[in-house]
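Trainee: Numbering of the first sequence is given in the working numbering, commencing with residue 28 and proceeding in unit increments. Take a look at this one; I'll ask things after.
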Amino acid sequence: MGELFKALRGTNDLLPPETQKWVFMEEAIRQKAESFGFQEIRTPIFEHTELFSRGIGEGTDITAKEMYTFTDKGGRSITLRPELTAPAVRAYLEHFPMPAARIEEIEGKKRKILLGTPPLVKWYYLGPAFRYERPQSGRYRQFHQFGVEVIGSQNPDIDLEVILLALEIFKTLNLQNLEIKLNSIGCSKCRPSYREALKKHFYPYLEQLCEDCRTHRYEKNPLRILDCKSQKCAPFLHEAPIPADYLCEECQNHFKKLQKKLTNLQVVYSLDPRLVRGLDYYTKTVFEVISSSLGAQNSICGGGRYDDLGEILGGPSVPAVGFAAGMERLILLLKDNFADSGKTSLVYAVTLGEKAEEFMLPLVFNLRKEAGDRKIKLKIERDYQNRNLGTQLKEANRLGAEFALILGENELAENKLILRNLAARQQEDLFFKQSENPKGIVEDLSNRILEKINYGKQPLYSH
RNA sequence: GUGGGUGUAGCUCAACUGGUUAGAGCAUCGGACUGUGGCUCCGAGGGUUGGGGGUUCAAGUCCCCUCACUCACCCCA
Numbered sequence: 028m029g030e031l032f033k034a035l036r037g038t039n040d041l042l043p044p045e046t047q048k049w050v051f052m053e054e055a056i057r058q059k060a061e062s063f064g065f066q067e068i069r070t071p072i073f074e075h076t077e078l079f080s081r082g083i084g085e086g087t088d089i090t091a092k093e094m095y096t097f098t099d100k101g102g103r104s105i106t107l108r109p110e111l112t113a114p115a116v117r118a119y120l121e122h123f124p125m126p127a128a129r130i131e132e133i134e135g136k137k138r139k140i141l142l143g144t145p146p147l148v149k150w151y152y153l154g155p156a157f158r159y160e161r162p163q164s165g166r167y168r169q170f171h172q173f174g175v176e177v178i179g180s181q182n183p184d185i186d187l188e189v190i191l192l193a194l195e196i197f198k199t200l201n202l203q204n205l206e207i208k209l210n211s212i213g214c215s216k217c218r219p220s221y222r223e224a225l226k227k228h229f230y231p232y233l234e235q236l237c238e239d240c241r242t243h244r245y246e247k248n249p250l251r252i253l254d255c256k257s258q259k260c261a262p263f264l265h266e267a268p269i270p271a272d273y274l275c276e277e278c279q280n281h282f283k284k285l286q287k288k289l290t291n292l293q294v295v296y297s298l299d300p301r302l303v304r305g306l307d308y309y310t311k312t313v314f315e316v317i318s319s320s321l322g323a324q325n326s327i328c329g330g331g332r333y334d335d336l337g338e339i340l341g342g343p344s345v346p347a348v349g350f351a352a353g354m355e356r357l358i359l360l361l362k363d364n365f366a367d368s369g370k371t372s373l374v375y376a377v378t379l380g381e382k383a384e385e386f387m388l389p390l391v392f393n394l395r396k397e398a399g400d401r402k403i404k405l406k407i408e409r410d411y412q413n414r415n416l417g418t419q420l421k422e423a424n425r426l427g428a429e430f431a432l433i434l435g436e437n438e439l440a441e442n443k444l445i446l447r448n449l450a451a452r453q454q455e456d457l458f459f460k461q462s463e464n465p466k467g468i469v470e471d472l473s474n475r476i477l478e479k480i481n482y483g484k485q486p487l488y489s490h
């Protein structure tokens, strides 16, 4: 061995029956998101590298060391998407007409201020993303996220809906032991003063901070020092100023409204003043859902507002909020407690000999078609290896078939087909008239078989 | 990128301090039962012990290197 190809590190083959869990989860996500009025988008797997390095932020680990970047044959720098928020906003700016804007110069920066309200979209997505990291439990190089993005409104009700949708989905997935953390990290107006306060606080201890914090976080993004887990930095975190004390009036109101509505709806959450989230684009609301049932990678969902991302990507200022959840982590939590999505009956077609196979083939196809037309949940399986009767029945049994159709030389000679109820260990002969119309025989047999196996069995019908 | 743990049949695992032909269960296939399934019994196939090198009379076992998996750090979904 050893010469065979294997899936690349950090990538996984999803095989049955595991894929059933994924389908179950995907259906739950789609169903809930649609019920909240969200619509699905699908953006490309790869984008211009620039979209991510600017959108997510140069200083973040994602862009600094985790991106799958390559140069295509046209010399462009391309990156496999490490997350889907930046692509969603890119798609929004690319496809939706914006109201007129005026260019304003604020603090040396030219900004496009919209004169009207931008279009509102409520999107959800589901798909793979890629990050070059060492894999571990709940972390892979190709992983899957689902998430939502609402672009075009700054109403805290939207923040609320986004959080509620996440919780609804987790609830239908029957996930236990979840904890919601919430914080507000301010906006472009109030964050500068908070940043300054943080820098002022950490300045005296600068030499004692860990290397990462000392060399780049302090200058580039002091908020992330709060997120640092280093022993070195820990002692200085308790006393650090918290964002709540520096929020401008608008951010304060926004945050208060959100909290009040969450409380009114009896959503249990905890405020975490040190929750800052790793990506640069967040503003105001940030939240995270963690599970105590997972290992070190216990964050199953992270999100928040990103009112500045539109501008960061060169467009006008458009308010937006969303979240992304890691589907592999949800699968880890799903275990086996997922509901079987409606039982499908199985009929196994046993054939002995070439003539029998020839006769059976159109019958099998017709049964599948008829069952579909009549909305009967039924699948038909058969033998492809010329195995003997005993083995075929054994196989039927192993697959959990309820009925077997048996056809061999003997039956053909007598113009009949055996329909065997495997559980009851009983069988009956279905005689057919040898006419010059084979199609008629197939249709007649199909009708009789479907009637017989469906007799008195409601579960075969889906609604 | 850094650290720990683990690599033996398709799967789950054995093999006392190095000791001679590496075993078992499950699965697969065949037979008992040439055309009627869930049991039972019998039998068979399958392995360069992840790969390479070294120590030794002798290596699955000890040492080095390498690869893979896994958990953790950093960070994130």
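In this text, a Cβ means the ideal position worked out from N, Cα and C, and glycines have one as well.
#1: Of the choices Gly102, Ile252, Tyr167, Ile190, whose alpha-carbon is the least far from that of Val177?
#2: Buried or exposed: where does Pro486 fall if 16 or more other Cβ atoms within 10 Å of its Cβ makes it buried?
#3: In three-state terms, what does DSSP make of Ser473?
#4: Taking the alpha carbon of Leu264 as the reference point, which residue from Thr242, Glu276, Phe229 has its own alpha carbon closest?
#5: Taking 8 Å as the cut-off, decide whether the C-beta atoms of Leu432 and Val374 are in contact.
#6: Kindly confirm or deny that the region 131 to 151 and the region 289 to 304 touch, where touching means at least three C-beta pairs closer than 8 Å.
#7: Does the Cβ of Lys283 have 16 or more other Cβ atoms within 10 Å, making it buried, or fewer, making it exposed?
#8: Can you check which of these residues, Ala398, Asp456, Phe32, Leu426, is closest to Ser473 by C-alpha distance?
#9: In chain order, what residues of the same chain have a beta carbon less than 6 Å from the beta carbon of Gln47, not counting five sequence neighbours either side?
#10: Leu444 to Met52, Cα distance in whole Å?
#11: Residue range of the beta strand (DSSP E) that Ile339 falls in?
#12: Helix, strand or coil: which one does DSSP assign to Ala34?
#13: Jot down the residue ranges of each uninterrupted beta strand (DSSP E) in the region 62 to 150, minimum 3 residues, whole runs only, in chain order.
#14: Report the three-state DSSP secondary structure of Ser211 (helix, strand or coil).
#15: Expressed to the nearest angstrom, what Euclidean distance is found between the alpha-carbon atoms of Gln293 and Leu209?
#16: Determine contact between the region 350 to 361 and the region 154 to 166, defined as no fewer than three beta-carbon pairs at a distance below 8 Å.
#17: So, with DSSP's three-state summary, where would you put Glu266?
#18: Taking only the alpha-carbon atoms, compute the straight-line gap between Ile68 and Val377 and give it to the nearest angstrom.
#19: Is the beta carbon of Val116 less than 8 Å from the beta carbon of Leu340?
#20: Are the region 103 to 116 and the region 330 to 347 touching by the rule of at least three beta carbon pairs closer than 8 Å?
#21: Please name the residue, chosen from Glu276, Lys139, Ile130, that lies closest to Glu338 on a Cα-to-Cα basis.
#22: Quick one, which of Glu381, Ser318, Ala128 has its alpha-carbon nearest Gln412's?
#23: Of the choices Glu384, Phe123, Arg108, Arg57, whose alpha-carbon is the least far from that of Leu200?
#24: In the DSSP assignment, the alpha helix (DSSP H) including Leu359 goes from what residue to what residue?
#25: Could you give the distance in angstroms between the alpha-carbon of Glu276 and the alpha-carbon of Lys149?
#26: Quick one: which unbroken alpha helix (DSSP H) runs of 4-plus residues sit fully inside the region 157 to 217? Chain order, please.
#27: Does the beta-carbon of Ile133 have 16 or more other beta-carbons within 10 angstroms, so that it is buried, or is it exposed?
#28: In chain order, which continuous runs of the alpha helix (DSSP H) of length 4 or greater are located wholly inside the region 405 to 461?
#29: Just to confirm the assignment, what range does the alpha helix (DSSP H) spanning Leu390 have?
#30: Tell me where the alpha helix (DSSP H) around Cys278 begins and ends.
#31: In whole angstroms, what is the alpha-carbon distance linking Gly417 and Met387?
#32: Please classify Lys92: is it buried, with 16 or more other beta-carbons within 10 angstroms of its beta-carbon, or exposed?
#33: Short of 7 Å in beta carbon distance, which residues of its chain neighbour Gly135, apart from the five on each side in sequence? Order them along the chain.
#34: What residue range is occupied by the uninterrupted beta strand (DSSP E) comprising Asp331?
#35: Count the other CB atoms, across all protein chains shown, that sit within 10 Å of the CB of Phe197; report buried if there are 16 or more and exposed otherwise.
Mentor: If we stick to the structure as given:
#1: The count along the first sequence starts at 1 and reaches residue 177 at position 150. The alpha carbon of Val177 has as its nearest neighbour, out of Gly102, Ile252, Tyr167, Ile190, the alpha carbon of Ile190.
#2: Numbered from 1 along the first sequence, position 459 holds the residue referred to as residue 486. Reliability fails at Pro486, whose pLDDT of 43 lies under 50, so the model's placement of it is uncertain and the value that follows must be treated cautiously. With fewer than 16 other Cβ atoms within 10 Å, it is exposed.
#3: Counted from its first residue, the first sequence places residue 473 at position 446. Three-state result, Ser473: helix.
#4: Counted from its first residue, the first sequence places residue 264 at position 237. Taking each of Thr242, Glu276, Phe229 in turn and checking the Cα distance to Leu264, the smallest one comes out for Phe229.
#5: Position 405 of the first sequence, counted from the start, is the residue given in the question as residue 432. Position 347 of the first sequence, counted from the start, is the residue given in the question as residue 374. Yes. Within cutoff.
#6: Too few Cβ pairs lie closer than 8 Å, so no.
#7: Here residue 283 refers to the residue found at position 256 of the first sequence. Exposed: under 16 other Cβ atoms inside 10 Å.
#8: To locate residue 473, count along the first sequence from 1; it is residue 446. For the options Ala398, Asp456, Phe32, Leu426, the alpha carbon positioned closest to that of Ser473 is the one of Ala398.
#9: The residue you call residue 47 lines up with position 20 of the first sequence. Hits under 6 Å: none found.
#10: As a first step, residue 444 must be located in the first sequence, where it is residue number 417. As a first step, residue 52 must be located in the first sequence, where it is residue number 25. Near 41 Å, if we compare the C-alpha coordinates of Met52 and Leu444.
#11: Counted from its first residue, the first sequence places residue 339 at position 312. Judged by DSSP secondary structure, Ile339 falls outside any beta strand (DSSP E) and instead within the alpha helix (DSSP H) spanning 336 to 339.
#12: Taking the first sequence and counting its residues from 1, the one referred to as residue 34 is at position 7. Here DSSP, grouped into helix, strand and coil, assigns Ala34 to coil.
#13: Taking 3 residues as the shortest admissible run, the region 62 to 150 contains the following complete beta strand (DSSP E) segments, listed from N- to C-terminal end: 73 to 75, 95 to 98, 104 to 107, 128 to 133, 136 to 141.
#14: On the first sequence, position 184 is the one that residue 211 refers to. When DSSP states are grouped into helix, strand and coil, Ser211 belongs to the strand group.
#15: On the first sequence, residue 293 is found 266 positions in, with the first residue counted as 1. On the first sequence, residue 209 is found 182 positions in, with the first residue counted as 1. Going by the C-alpha atoms only, they are around 15 Å apart.
#16: Below 8 Å, enough C-beta pairs join the region 350 to 361 and the region 154 to 166 to call them touching: three or more.
#17: One-based indexing of the first sequence puts residue 266 at position 239. Glu266 falls in the coil class under three-state DSSP.
#18: Residue 68 sits at position 41 when you count from the first residue of the first sequence. Residue 377 sits at position 350 when you count from the first residue of the first sequence. Note on geometry: alpha-carbon atoms of Ile68 and Val377 lie some 45 Å from one another.
#19: What you label residue 116 is simply residue 89 of the first sequence in a count that begins at 1. What you label residue 340 is simply residue 313 of the first sequence in a count that begins at 1. Yes.
#20: With the cut-off at 8 Å, the region 103 to 116 and the region 330 to 347 touch.
#21: Looking up residue 338 in the first sequence gives position 311. Minimum Cα distance to Glu338 is reached at Lys139.
#22: For the purposes of this step, residue 412 is taken as the residue at position 385 of the first sequence. A check of alpha carbon separations from Gln412 across Glu381, Ser318, Ala128 identifies Glu381 as the nearest.
#23: On the first sequence, position 173 is the one that residue 200 refers to. Ranking Glu384, Phe123, Arg108, Arg57 by Cα distance to Leu200 puts Arg57 first.
#24: Position 332 of the first sequence, counting from 1, holds the residue named residue 359. That run of the alpha helix (DSSP H) goes 354 to 361.
#25: To locate residue 276, count along the first sequence from 1; it is residue 249. To locate residue 149, count along the first sequence from 1; it is residue 122. Answer to the nearest angstrom: the Cα atoms are 27 Å apart.
#26: Counting only runs of 4 or more, we get 183 to 199.
#27: In the first sequence, the residue the question calls residue 133 occupies position 106. Ile133 comes out exposed.
#28: With a minimum length of 4 residues, the continuous alpha helix (DSSP H) runs that stay inside the region 405 to 461 are 416 to 425, 436 to 440.
#29: Taking the first sequence and counting its residues from 1, the one referred to as residue 390 is at position 363. Here the alpha helix (DSSP H) through Leu390 covers 381 to 400.
#30: On the first sequence, position 251 is the one that residue 278 refers to. It spans 276 to 291 - the alpha helix (DSSP H) in which Cys278 sits, taken as one unbroken run.
#31: Working through the first sequence from its first residue, we reach residue 417 at position 390. Working through the first sequence from its first residue, we reach residue 387 at position 360. Rounded to whole angstroms, the separation of the alpha carbons of Met387 and Gly417 is 18 Å.
#32: Residue numbering aside, residue 92 sits at position 65 when the first sequence is read from its first letter. Exposed is the call here.
#33: In the first sequence, residue 135 corresponds to position 108, counting from 1. The beta carbon of Gly135 is closer than 7 Å to none in its chain, skipping five residues each way along the sequence.
#34: Numbered from its first residue, the first sequence carries residue 331 at position 304. In the sequence under discussion, the amino acid at residue 331 is Gly, which differs from the Asp named in the question. Gly331 -> beta strand (DSSP E) spans 326 to 332.
#35: Numbered from 1 along the first sequence, position 170 holds the residue referred to as residue 197. So Phe197 counts as buried.
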